[in-house]
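Novice:
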Amino acid sequence: MELKIYNQNGDAKMTVSTSSSSTWNTELMAENAVSATFAHPFYVPLDVNDYVMLSGIKFSINKEYKPKQKSTQEYSYSVKFYGPEHDAERVMYLHLTDGEYEPQFSLNTSPALHLQKWVDNMNRIYGEERWSIGETVDLPKKNIEYNNVTCFEALSLISDAFEAEWWADGFKMNLTRCERGDRVELGYMQGLTSLTQSENSDDVKFFTRLIPLGSTKNIDRSRYGFSRLQLPSRAKYVDRNTQYGLYEHIEEAAFTGIFPQYTGTVSTVRSEEKTDDEGRKFTVYYFNDADMMFDPNKSEIAELTKRLSFQTGDLAGQGNSDNNDYWFEANYNSTTLEWEIINTYPLDDVQIPGGNLIPRPGDKYIPWNFRMPESYEVQAERDYEDAVNSFLEKYSEDVSKYGGDTDYIYIDKNAVPLQLGQRVRLLSDKYFSTLGGYFDTRMTKVVRKLDNLSISTIECTNKVGKGWKRTVDESLSQLQYIVSSGGGSSSGGSSSGSSEVSDKLKKNILVNSNDVGYIKKGNVVLAGQTWETIFRNMLYKPVGGELKGILSTSNDVEYGTRKGYITYTATRNGQGAMTKAYYDDNENNKLNFSEENAGIQTAVRTLSGTYTERETYKATVVYAASADGSLPIKTLNDTISVNVRRRWFAGVVSAIPTTSAQVRALSANGLYTGTGIYKFTISNYKTFVICIPSGTIKEVSLERYQYNFMDLDSAAKPEKRAVEGANGSTAIEYTMYIFSSATTSKETDNFTFKIA
């Protein structure tokens, strides 16, 4: 590839032809760089900020580079040019508010504002608004400690804290799972010339059996029967995806925030000044919670002192601390219905609460270290079950890395995007036999050849490691599922007061805004619905049954290819039971589906014979209406068509092929679709041939030359050959084009031929 190198002022510095080993490397949360190898007849050192342009992206050198001298007329270069996100490696993540220039600070805010500070720091080195925020996860704020870190390191801290991935799209920095584009299907001989599995990094956690340990907070063994919160079923472990094998994991830290709890709201605050035994004055703060309908003093747990953890306000994150869990010890007065906060003293003359750090009306808090009413225990068990299932779902997916080399002809023909996050359905009845022959994932690493950007090695995985910045144990210790801190007794405690319906809509709402998800303008949202129901209706609409068939072979096959089988996956999605299943519009052709597992059933249709013409296969499944009547009877059809084609062949020869076997043994081939462009690569050639089953070749060219080989004397008159299909099937007449030169070319060349 011809590569033009410019200095930082945009002046052309040198133009070089890169070697075939030169690549463009992209890896999620790791690298975006051009690795260029080339020779040059003159000594030209490369300076910081010298750059090249590739696909509209500017790649720059970040340190001075001097080439290796091989002779007086040849200098060897092997140099990296880095994408714009790597500028973050040389910019510090500073606190710039109010003119400060502080490298050591903590920031307790939302994901978007953490990322905005990154954008502000990056733009200050450009002197213009170049970077901006793209998509970000919508999560509660978190506190992150920044201590002399670069912007590149800050991205790791932010993505770790919010369990997200950072990725650049041009000059937009995103903080979400990197997944984009319409899903493309790739498999061996279907866009990939190889398919391999490899282990993921050591810090990607994977298990199929989770042994959870519930919280001990507010648990009274004498009444509850256990010292920890239990799952509703009292199961000691939960399994998922055990088809991958049994991998056990014990987890406690992720669930410490789930326990029988009441989130209260400070109603009124008062204080009293007192004097200790040594004559020193101090202030005691009291507050009342008008919504709390139970008496903690009647539910004490032996040997435990009641505690308060503030969720909002000045006292949030204050008090005693244990593993980032902050609390104040407290007393409760059953007569005045007040909490008394026991002061902490970080310094001899400083008390908390005190000064500006005091409780205020409206502050949210959670009291604990006493027994809660049983209804709270029931709700906590449900929340715990949801969190355990969510946690297991997250870490029981196949975390292996799958990759392979691309078939550039297929990539070009099907316009497959080779980009980070590209959705991919990998096809393999061997690797993914338990998953119906496919695995849905996304590209997380792409290494593309500069000579032909469609020639690449891709890597796909659903989990990306944290790398050097974080270990999995540190990550898991920060991951906690915490019950929403909504006010009142929404988890089912008191039966009096507004707390009984604190999680429900009080009045009907006539929707006059634009459509919000599946809630449309003009709908009425009825009073009494819980917020969960409303959000579910907003974000989720029953889709009913689904039917998907996957063919074990490609949908484009060579004449004579042996037929394989079709795996059908039927998903009920809330429908009633499956009542019919058959194929080819004939109810006598029964499809035998497996027993239902989590609403999913599978069936396999085995095909016989070989392909000699285009064929179409149809399957039909009928589901009954749902029990609640929300989904009617549904008839599903899945149609799969198989195109049958002959192959074209090309390659280097020492003698002109005369038999079908000799033609089929040529090094390059592909399915022939008639009019279009076809490509192949050969090296060390003097004579080569191209054989096609029909049509006429109008042009043969290669990248190094600008003429049509069909116009040269080396293009011999076409000859006819009888060439069989796959598996020795019926032969047809092919046209063979023969090209010869006087000498043997030592080059490796990419040829293109065009069919009129």
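Residue numbers for the sequence shown follow the working numbering, so the first one is 869 and each next one is one higher.
C-beta: ideal position from N, C-alpha, C; glycine also.
None of the values given here were measured: they were computed from a predicted structure.
At what residue ranges does the segment 1120-1184 contain a whole run of the beta strand (DSSP E), taking only runs of 3 or more?
Specialist: Complete beta strand (DSSP E) runs here, min 3: 1136-1143, 1149-1156, 1175-1178.
Novice: Between Asn1086, Ile1565, Gly1596, which has its C-alpha nearest isoleucine 1169's C-alpha?
Specialist: By one-based count along the sequence shown, residue 1169 stands at place 301. Minimum Cα distance to isoleucine 1169 is reached at Asn1086.
Novice: Only counting the same chain, and skipping five residues up and downstream in sequence, which positions put a Cβ closer than 8 Å to that of aspartate 1341?
Specialist: In the sequence shown, residue 1341 corresponds to position 473, counting from 1. Below a pLDDT of 50, predicted positions are generally treated as unreliable, and aspartate 1341, at 31, falls in that range; the measurement from the model is reported next regardless. Result list for aspartate 1341: empty, nothing under 8 Å.
Novice: Using a threshold of 8 Å, state whether the C-beta atoms of asparagine 1237 and lysine 1174 are closer than that.
Specialist: On the sequence shown, position 369 is the one that residue 1237 refers to. On the sequence shown, position 306 is the one that residue 1174 refers to. Result yes, Cβ atoms of asparagine 1237 and lysine 1174 sit closer than 8 Å.
Novice: Specify the secondary structure class of glutamine 1290 as computed by DSSP and reduced to three states.
Specialist: Sequence index remark: in the sequence shown, residue 1290 carries index 422 (1-based). Glutamine 1290 falls in the strand class under three-state DSSP.
Novice: Quick one: what's got a C-beta closer than 6 Å to serine 1509's C-beta in the same chain, skipping five residues either side?
Specialist: Position 641 of the sequence shown holds residue 1509. So the qualifying residues of the chain are Thr1484.
Novice: Given a threshold of 16 other Cβ atoms within 10 Å of its Cβ, counted over all protein chains shown, does valine 1351 qualify as buried or as exposed?
Specialist: Locating residue 1351 in the sequence shown gives position 483, counting from the first residue. The predicted position of valine 1351 is uncertain, since its pLDDT is 41 and thus under 50; a value taken from the coordinates is nonetheless stated next. Classification of valine 1351: buried, given that the 10 Å Cβ count is 16 or more.
Novice: Find out if the Cβ-Cβ distance for the pair isoleucine 1209, threonine 1131 is shorter than 8 Å.
Specialist: On the sequence shown, residue 1209 is found 341 positions in, with the first residue counted as 1. On the sequence shown, residue 1131 is found 263 positions in, with the first residue counted as 1. Contact: no.
Novice: Which one of Ser978, Val1315, Ile1001 has the shortest CA to CA distance from aspartate 988?
Specialist: Reading the sequence shown from its first residue, position 120 is the one you call residue 988. If we check each option's Cα against that of aspartate 988, Ile1001 comes out closest.
Novice: So, are the CB atoms of valine 1106 and leucine 1288 less than 8 Å apart?
Specialist: What you label residue 1106 is simply residue 238 of the sequence shown in a count that begins at 1. What you label residue 1288 is simply residue 420 of the sequence shown in a count that begins at 1. Cβ atoms of valine 1106 and leucine 1288: not closer than 8 Å.
Novice: What runs of the beta strand (DSSP E), each 3 residues or longer, lie entirely inside the segment 885-916?
Specialist: Counting only runs of 3 or more, we get 891-895, 899-908.
Novice: Among the candidates Thr1564, Ala1536, Ser1582, Val1521, whose CA atom is the shortest distance from the CA of asparagine 1552?
Specialist: Within the sequence shown, the letter at position 684 stands for residue 1552. When each option's Cα is compared against that of asparagine 1552, the closest is Val1521.
Novice: Please name the residue in Ala1583, Ser1322, Leu1570, Gln1290 whose C-alpha comes closest to that of arginine 1048.
Specialist: Locating residue 1048 in the sequence shown gives position 180, counting from the first residue. Ranking Ala1583, Ser1322, Leu1570, Gln1290 by Cα distance to arginine 1048 puts Gln1290 first.
Novice: Given glycine 1477, which residues of its chain have a CB within under 6 Å of its CB, disregarding the five upstream and five downstream residues?
Specialist: On the sequence shown, residue 1477 is found 609 positions in, with the first residue counted as 1. These residues qualify, in order along the chain: Lys1431.
Novice: Please name the residue in Arg1532, Thr1543, Pro1080, Gly1467 whose C-alpha comes closest to that of valine 1256.
Specialist: Stepping through the sequence shown from its first residue, residue 1256 is reached at position 388. Nearest of Arg1532, Thr1543, Pro1080, Gly1467 to valine 1256, Cα basis: Pro1080.
Novice: Can you check which of these residues, Phe1307, Ser939, Met897, Asn1456, is closest to aspartate 1028 by C-alpha distance?
Specialist: The residue given as residue 1028 occupies position 160 in the sequence shown. Residue Met897 is the option with its Cα nearest to aspartate 1028.
Novice: Taking the C-alpha atoms as reference points, what is the distance between serine 1422 and asparagine 1282?
Specialist: As a working mapping, residue 1422 is identified with position 554 in the sequence shown. As a working mapping, residue 1282 is identified with position 414 in the sequence shown. If you take the alpha carbons of serine 1422 and asparagine 1282, they lie about 14 Å apart.
Novice: Can you tell me where the alpha helix (DSSP H) with serine 1027 in it begins and where it stops?
Specialist: Against the sequence shown, residue 1027 aligns to sequence position 159. Segment 1019-1029, the alpha helix (DSSP H) holding serine 1027.
Novice: Using DSSP with H/G/I as helix, E/B as strand and the rest coil, what is glutamate 968?
Specialist: For this step, residue 968 is matched to residue 100 along the sequence shown. Three-state result, glutamate 968: coil.
Novice: Please give the ranges of any beta strand (DSSP E) in the segment 1397-1455, keeping only runs that are unbroken, at least 3 residues long and fully inside the region.
Specialist: Runs found: 1414-1419, 1424-1426, 1433-1439, 1446-1451.
Novice: Answer yes or no: do aspartate 1182 and leucine 1225 have a C-beta to C-beta separation smaller than 8 Å?
Specialist: Within the sequence shown, residue 1182 is the residue found at index 314, counting from 1. Within the sequence shown, residue 1225 is the residue found at index 357, counting from 1. Yes, the Cβ-Cβ distance between aspartate 1182 and leucine 1225 is below 8 Å.
Novice: If you draw a straight line from the alpha carbon of aspartate 1144 to that of serine 1177, how long is it in whole angstroms?
Specialist: Position 276 of the sequence shown, counted from the first residue, corresponds to residue 1144. Position 309 of the sequence shown, counted from the first residue, corresponds to residue 1177. The alpha-carbon atoms of aspartate 1144 and serine 1177 are separated by roughly 26 Å.
Novice: Taking methionine 1311 as part of the beta strand (DSSP E), name the residues at either end of that continuous run.
Specialist: For the purposes of this step, residue 1311 is taken as the residue at position 443 of the sequence shown. Counting along the chain, the beta strand (DSSP E) containing methionine 1311 begins and ends at 1306-1317.
Novice: Would you check if the distance between the CB atom of phenylalanine 904 and the CB atom of tyrosine 950 is smaller than 8 Å?
Specialist: Along the sequence shown, one-based indexing puts residue 904 at 36. Along the sequence shown, one-based indexing puts residue 950 at 82. The identity of residue 904 in the sequence shown is alanine, whereas the question assumes phenylalanine. Against a cut-off of 8 Å, the Cβ pair of tyrosine 950 and alanine 904 comes out as no contact.
Novice: How about asparagine 900 and glutamate 953: do their beta carbons lie closer than 8 Å?
Specialist: As a first step, residue 900 must be located in the sequence shown, where it is residue number 32. As a first step, residue 953 must be located in the sequence shown, where it is residue number 85. A contact, by the Cβ cut-off of 8 Å.
Novice: Helix or strand or just coil, what does DSSP make of leucine 1114?
Specialist: Here residue 1114 refers to the residue found at position 246 of the sequence shown. Correct three-state label for leucine 1114: coil.
Novice: With the cut-off set at 8 Å, would you say glycine 878 and threonine 1061 are in Cβ contact?
Specialist: Translated into positions along the sequence shown, residue 878 becomes position 10. Translated into positions along the sequence shown, residue 1061 becomes position 193. Result no, Cβ atoms of glycine 878 and threonine 1061 do not sit closer than 8 Å.
Novice: Tell whether a beta-carbon distance below 8 Å holds between leucine 962 and proline 971.
Specialist: As a position in the sequence shown, residue 962 is number 94, starting the count at 1. As a position in the sequence shown, residue 971 is number 103, starting the count at 1. It is a contact, given that the beta carbons lie within the stated cut-off.
Novice: In chain order, what residues of the same chain have a beta carbon less than 7 Å from the beta carbon of serine 1353, not counting five sequence neighbours either side?
Specialist: Here residue 1353 refers to the residue found at position 485 when the sequence shown is read from its first residue. Confidence in serine 1353 is poor, its pLDDT being 35 and thus under 50, which makes the residue's placement unreliable; the coordinate value appears in the next sentence. Hits under 7 Å: Thr1131, Gln1179, Lys1232.
Novice: So what does isoleucine 1220 bridge to, in DSSP terms?
Specialist: For the purposes of this step, residue 1220 is taken as the residue at position 352 of the sequence shown. According to DSSP, isoleucine 1220 bridges with Thr1212.
Novice: Note the first and the last residue of the continuous alpha helix (DSSP H) segment covering isoleucine 1277.
Specialist: Locating residue 1277 in the sequence shown gives position 409, counting from the first residue. Start and end: 1276-1281.
Novice: Excluding five sequence neighbours on each side, which residues of the same chain lie with their C-beta closer than 7 Å to the C-beta of leucine 1078?
Specialist: In the sequence shown, counting from the first residue as 1, residue 1078 sits at position 210. Hits under 7 Å: Tyr1105, Val1106, His1117, Glu1119, Val1256, Phe1259, Leu1260.
Novice: Who pairs with glutamate 1327 in a beta bridge, going by DSSP?
Specialist: Taking the sequence shown and counting its residues from 1, the one referred to as residue 1327 is at position 459. Gly1271, Lys1313.
Novice: Taking DSSP as the reference, what is the three-state secondary structure of leucine 1099?
Specialist: Translated into positions along the sequence shown, residue 1099 becomes position 231. Note: leucine 1099 maps to coil in three-state DSSP.
Novice: Run through DSSP, which three-state label would proline 1235 get?
Specialist: If you number the sequence shown from 1, residue 1235 lands on position 367. Note: proline 1235 maps to strand in three-state DSSP.
Novice: According to DSSP, is proline 1262 part of a helix, a strand, or is it coil?
Specialist: Here residue 1262 refers to the residue found at position 394 when the sequence shown is read from its first residue. Inspection of the sequence shows that residue 1262 is occupied by lysine rather than by proline. Helix at lysine 1262.
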